[in-house]
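> Once you've had a glance at the structure underneath, I'll fire off some questions.
Residue numbers (mature numbering (1 follows the signal peptide of the UniProt record, and there is no 0)): -19 to -1, 1 to 516.
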């Protein structure tokens, strides 16, 4: 407790500035414990840590000056649940939020509130209120109060209600009756910059590691201490002595998408002209993340794409893929979905053949009225679906809002990814509202019918930067009950685009788990995407 007393005194020392560090959960923090400071707006950080058989990885994005969000994935060994069942090895997904309520001033520390594992399985569930004060350009101190996992050491009951007993569940739902309930415990720490590239970090942790103690390791002390080394700007490597018995390793890398130089734009052609056929041959990677049996599976190969502009309004385009290596076909988990298997059988498409017709479509685009554009696409729309798709978009020049509607008549493709079709057919469609909120921020709301016949809505929030980077997140809620949806409870994920130069970009959607509820058909170049990219 003397360690915490020092932290209390330090909170009211004169103000100065200091750099940011990330904890093992990928949020602003010390070693395991959080701090009240925040990263600069739009900073993107990747963290990786290992300690006592636990390996944690995370991607964290500073959504605004005050709000951080972190998507985490961890491998845990010898973990016990509330009933005493021991899991030799599990893979766990988590989502955390960190919000700075008050800025630091001369007489007041910065104060933040946060939640670990907000919609995960509950393994890392914990909440906190924390204060951090900068004492000099090199030294800061932190003191906080934690609940849940962050009150599993030295916890004391508070009159905020009881916390229900948690178990390792399917995740995806917010346990609102548990947030900031039950016992609470103090934690604290200090961060001292010994020199520009080396920092000393020490903390008093309120995490007792009850589910791991005596199995994965022995918890002997709440004090953790270590050194962080920054060999280059943005990269930090750290080693810690934790809980009186274990050595922990940590690394994180920070970058600012706003400051990344935009890739060079190729010079324009001397005069506009229509090419009969444009084609491209390039490598591809098809990842599958967060499989409960393996954290990463992927296929690698060569993709050939071609487009024939038959007329100014009509284009025939397609894509072939030849797999060279990979392990997607080694997926052994069979879908247990109670819904039509509209996405959960995705791994079967990688088993039946190496050469795939990924897409083959005929697209017509027009503008029948001012501010209204239309699209009709027919053929093999994507890897899993063929059919007919029609879309209309209303958008005035320079208007922040746009409205669209889309309807699709679809049939599921065969597992060989050729011209054969399966029996499943569905009519899907959505009405969409698009809002350009300024400063590169975009909001999209889609309401309608999904591939499994469920009805609901998808909310997407994204930020686009002049460098070509974009980052976003989405969540879908439909009339499918969480219990029927299965693992994850509802569809959600993150989306990002990384510019590669010469007009190319890597775009990817990452979901914690692929299920059948809230699934949409993938359409190449929807109208709003084209309109937003137009100068």
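Note that beta-carbon positions come from the ideal geometry of N, C-alpha and C, so glycine has one too.
Just how far apart, CA to CA, sit residue 266 and residue 88?
53 Å
> Figure out for me which residue from 304, 494, 290 has the closest Cα to the Cα of residue 283.
304
> Suppose only complete runs of 3+ residues qualify. What are the beta strand (DSSP E) ranges in the region 266 to 345, listed by chain order?
275 to 290, 295 to 307
> Could you have a look at residue 20 and say whether DSSP puts it in helix, strand or coil?
coil
> Using the C-alpha atoms, what's the distance from residue 78 back to residue 161?
Cα to Cα, residue 161 sits roughly 14 Å from residue 78.
> For residue 369, which of helix, strand or coil comes out of DSSP?
Residue 369 falls in the strand class under three-state DSSP.
> Would you kindly check if the distance between the Cβ of residue 428 and the Cβ of residue 416 is under 7 Å?
Result no, Cβ atoms of residue 416 and residue 428 do not sit closer than 7 Å.
> Could you give the DSSP three-state label for residue 448: helix, strand or coil?
coil
> On the DSSP bridge list, what partners appear for residue 58?
Partner(s): 70.
> Can you have a look at residue 510 and say buried or exposed, based on whether 16 or more other CB atoms are within 10 angstroms of its CB?
exposed
> Residue 36 CB to nearest chain B CB: under 7 Å?
In the displayed structure, chain B is absent; only one protein chain is listed.
> Between 387, 26, 288, 198, which has its C-alpha nearest residue 412's C-alpha?
387
> Classify residue 260: buried if its beta carbon has 16 or more other beta carbons within 10 angstroms, exposed otherwise.
exposed
> Just how far apart, CA to CA, sit residue -8 and residue 46?
For residue -8, the pLDDT reaches just 42, beneath the cut-off of 50, and the residue's location in the model is therefore unreliable, leaving the point undetermined.
> For residue 340 and residue 307, which I take to be in contact (beta-carbon distance under 8 Å), what is that distance rounded to the nearest angstrom?
About 19 Å; that fails the 8 Å criterion.
> Can you give the beta carbon distance from residue 493 to residue 450, rounded, assuming they're within the 8 Å contact cut?
22 Å between Cβ atoms; not a contact.
> Less than 7 Å between the C-beta atoms of residue 546 and residue 8, yes or no?
Since the displayed the chain opens at -19 and closes at 516, residue 546 lies outside it and no answer follows.
> Using the C-alpha atoms, what's the distance from residue 117 back to residue 515?
49 Å
> Return the CA-CA distance between residue 253 and residue 294, expressed in angstroms with no decimal places.
With a pLDDT of 47 at residue 253, under the threshold of 50, the predicted position of this residue should be treated as unreliable, and no value is reported.
> For a test of the three-state rule: what should DSSP assign to residue 409, helix, strand or coil?
strand
> Quick one: measure Cβ to Cβ for residue 446 and residue 476, integer angstroms, because I've assumed they're closer than 8 Å.
Approximately 14 Å separates the beta-carbon atoms of residue 446 and residue 476; this is outside 8 Å, ruling out the contact.
> Per DSSP, which one or two residues make a beta bridge with residue 45?
According to DSSP, residue 45 bridges with nothing at all.
> Spatial neighbours of residue 453 within its chain, please: CB distance less than 8 Å, with the 5 preceding and 5 following residues excluded, ordered by chain position.
423, 441, 442, 443, 444, 475, 476, 477
> In whole angstroms, give me the CA-to-CA distance for residue 320 and residue 405.
12 Å
> For residue 159, which residues of its own chain have a beta-carbon under 6 Å away from its beta-carbon, when the five flanking residues on both sides are left out?
144, 145
> Helix, strand or coil: how does DSSP classify residue 463 here?
helix
> Scan the region 164 to 201 and note each continuous beta strand (DSSP E) run of 3 residues or more that stays entirely inside, going in chain order.
The beta strand (DSSP E) runs of length 3 or more contained entirely in the region 164 to 201 are, from start to end of the chain, 164 to 176, 179 to 185.
> So the alpha helix (DSSP H) residue 390 belongs to, where does it begin and stop?
Residue 390 -> not in any alpha helix (DSSP H); beta strand (DSSP E) instead, spanning 382 to 394.
> DSSP three-state call for residue 497: helix, strand or coil?
Residue 497: coil per DSSP, three-state reduction.
> So what does residue 456 bridge to, in DSSP terms?
Per DSSP, 440, 473.
> Secondary structure at residue 431, three-state DSSP: helix, strand or coil?
coil
> By how many angstroms is the C-alpha of residue 130 removed from the C-alpha of residue 165?
Taking the straight line joining both Cα atoms gives about 10 Å.
> Could you tell me the distance, in whole angstroms, from the CA atom of residue 114 to the CA atom of residue 169?
11 Å
> Should the region 34 to 49 be regarded as contacting the region 171 to 180, the criterion being three or more beta carbon pairs within less than 8 Å?
These segments do not touch.
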